[in-house]
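**Q**
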Amino acid sequence: MKGKEKLKVLVVDDEPSILMPLEFLMRKNGYQVYIARNGTEAMESVDKEQPNVVLLDIMMPDVDGYEVCRHIRESEAMNGAKVIFMSAKTKDADIKKGYDVGADLYIPKPFSTRFLIEKIKELTQS
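Position in the sequence shown (first residue = 1) + 1 = this note's numbering.
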């Protein structure tokens with residue numbers, strides 16, 4: 002990250018009650034925020050905006066979060082981007098799959114927003 006460049010964060014969730022507060026929280030913390038309401042929008046946004054951090058829900062109606070994460074990991078332009086899964090899927094197998102497809106972090110829902118912000122800061126400090 003050079004100088005005062007804002008960190009780009011893409012928030013992906015099909016649940017407006019999660020999407021809106023997270024968008025607000027990310028802006029409040031000084032990030033440049035993009036939102037996607039499903040996996041298809043997420044992949045389009047990833048290709049267009051190349052965010053530094055992707056907050057990613059797993060269960061979505063079209064393309065799931067695992068698929069979006071694979072898409073990110075296969076993109077050379079997204080090399081170095083951080084992927085944080087936020088999911089109600091808390092079984093060990095789901096979490097393991099999250100890390101297997103390339104997640105940097107897996108946070109079970111519900112989670113503390115303070116915890117999330119701390120983790121984003123930890124992951125993005127170079």
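Each residue gets a CB set at the ideal place from its N, CA and C atoms; glycine is no exception.
At the level of alpha carbons, what is the spacing between Lys-97 and Gly-103?
**A** Those two C-alpha atoms are separated by around 10 Å.
**Q** Identify whether Asp-58 lies in helix, strand or coil by the three-state DSSP scheme.
**A** Asp-58: strand per DSSP, three-state reduction.
**Q** Give the range of the alpha helix (DSSP H) segment to which Met-1 is assigned.
**A** Missing from the structure shown is residue 1; the chain here goes from 2 to 127 and no further.
**Q** Counting C-beta neighbours from all protein chains within 10 Å, is the total for Lys-122 16 or more, i.e. buried, or is it exposed?
**A** Answer is exposed; the Cβ neighbour count stays below 16.
**Q** From Arg-115 to Ile-108, what distance separates their C-alpha atoms?
**A** Roughly 12 Å separates the two Cα atoms.
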